[in-house]
Amino acid sequence: MAAQPMEAEGSKMQRLYDACDMVFSSGRTGLPTPRQLGWLQGILDAMEPADVGIDGSSGDERTSCVAIDGSGDEAVDSGSDGSGDERSRASTTSDETSEGSVSSGRSGGGGGHGLILGHAIKQITYIHIHECEDFSIGVFCFPAGARLPLHDHPRMVVLTKVLYGSISLKSYDWVTTPICNPKRSGLAKVVADDCALQASSKTSVLFPKSGGNMHSLAALTPCAILDVLAPPYSEEQGRPSTYYVDVPIPPLPGFVLLEEMDTPDDLRVTGAPYLGPELLVDLDSC
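First residue of the sequence shown? That's 1 in the UniProt record's numbering, and the numbers climb one at a time after it.
Set out below in structure tokens:
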């Protein structure tokens with residue numbers, strides 16, 4: 001592969017986009033090399049809430065805020081962008097954003113709108129940052145107690161960084177390689193069993209056949225995760241988001257039976273605008 005470029009001057013988000021564009025751009029085949037993954041993980045490990053336009057502080061640490069009532073231009077959108085993942089598979093709304101969800105006094109990108117107040121969010125919220133055929137970048141914000149049900153990531157590499165708060169991860173891999181895609185049911189081995197991740201945790205990586213490709217997430221506190229999916233979900237390309245229920249097998253500890261289920265009726269994901277630094281995007285890759 002070509003030599004890695006010097007990281008562009010500017011925002012951390014721009015550096016992340018540039019690195020993803022190089023590692024996952026069209027024409028490249030196979031999984032990223034360990035060196036490439038280490039490069040991406042290093043960039044993600046340095047990311048903080050403000051780098052994606054979020055105020056991750058608690059209410060006691062916050063000095064001022066601007067209320068959003070869901071009726072103006074600053075209100076969140078539906079979050080449905082046709083990618084086929086949790087954002088579009090789940091029901092989405094834009095009128096349940098809590099008051100005080102944007103903090104005043106920010107500078108830099110995002111048109112000076114302020115920072116989204118992470119701890120004021122009352123339901124799972126997705127912030128769409130970028131998506132092309134090769135990869136997507138976005139942030140899931142969770143109120144305490146919210147969860148994303150067990151779901152898969154067909155033929156994907158996914159990097160996940162906790163930006164603030166703490167989240168519990170449960171993940172599995174299929175014991176045998178799926179003949180059909182997605183696999184409807186089968187024996188899976190436990191990779192992580194209620195593993196707690198927080199902002200100090202290193203960026204996690206999952207692969208098409210390893211690393212916990214099927215996972216569920218439960219917010220232990222108000223929290224946010226920054227996700228890079230390569231490639232993103234796509235119904236048209238045979239990469240739908242499939243949900244599963246895990247059935248324990250008492251005589252076989254460390255393994256479960258996974259069975260496909262419909263999208264949970266109570267799963268609600270709303271959308272919010274990206275208020276972080278502006279991205280310079282390679283239009284040829286979009």
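Virtual Cβ for every residue (Gly too), placed ideally from N, Cα, C.
Counting along the chain, the unbroken alpha helix (DSSP H) around Gly38 starts and ends at Pro34 to Asp45. Counted as a single uninterrupted DSSP element, the alpha helix (DSSP H) harbouring Arg15 occupies residues Lys12 to Phe24. In this structure, DSSP gives Asp262 a state outside helix and strand, which the three-state scheme calls coil. Put simply, of Ala230, Gly276 and Thr177 the residue whose alpha carbon is nearest the alpha carbon of Phe135 is Ala230.
By alpha-carbon distance to Ile179, the top candidate from Asp18, Arg155, Ala19 and Leu275 is Arg155. If you look at Ile124, you'll find it isn't in any beta strand (DSSP E); DSSP assigns it neither H nor E.
A buried status is given to Leu115, since no fewer than 16 other beta-carbon atoms sit within 10 Å of its beta-carbon. 8 Å or more divides the Cβ of Tyr164 from the Cβ of Met214.
A distance below 7 Å between beta-carbons, with the five flanking residues on each side excluded, links Leu37 to the following residues of its chain, in chain order: Val205.
Note: Glu131 is bridge-paired with Ser136 in the DSSP secondary-structure output. A direct Cα-to-Cα measurement between Ser201 and His119 gives close to 20 Å.
Under the Cβ criterion (8 Å, minimum of three pairs), the segment 125-133 does not count as touching the segment 184-198.
When DSSP states are grouped into helix, strand and coil, Gly118 belongs to the helix group. Contact check between the segment 39-53 and the segment 245-255: fewer than three CB pairs, one atom from each, fall below 8 Å, which does not count as touching. Straight-line spacing of the CA atoms in Ser166 and Gly56 works out to 12 Å. Here DSSP, grouped into helix, strand and coil, assigns Ala146 to coil.
The beta carbon of Pro264 lies closer than 6 Å to those of Pro149 in the same chain, with the five residues before and after it left out. Leu280 and Gln14 have their C-alpha atoms spaced approximately 7 Å apart. Non-local beta-carbon contacts of Ala144 in its own chain, meaning distances under 6 Å to residues more than five positions away in sequence, involve Ala219, Thr221 and Pro222 in chain order.
Under the three-state reduction of DSSP output, Asp246 falls in the strand class. Excluding sequence positions up to five before and after Pro182, its CB lies within less than 8 Å of the CB of Asp152, Pro154, Pro240, Thr242 and Glu260, all in the same chain and listed in chain order. Pro251 has its alpha-carbon roughly 43 Å from the corresponding atom of Met47.
Rounded to the nearest angstrom, the gap between the Cα atoms of Gly138 and Ser25 is 17 Å. Annotated three-state conformation of Ala50 is helix, per DSSP. Within 10 angstroms of the beta-carbon of Val175 lie fewer than 16 other beta-carbons, which makes it exposed.
Residue pairing of Ile225 in beta bridges, as defined by DSSP: Phe140 and Val162.
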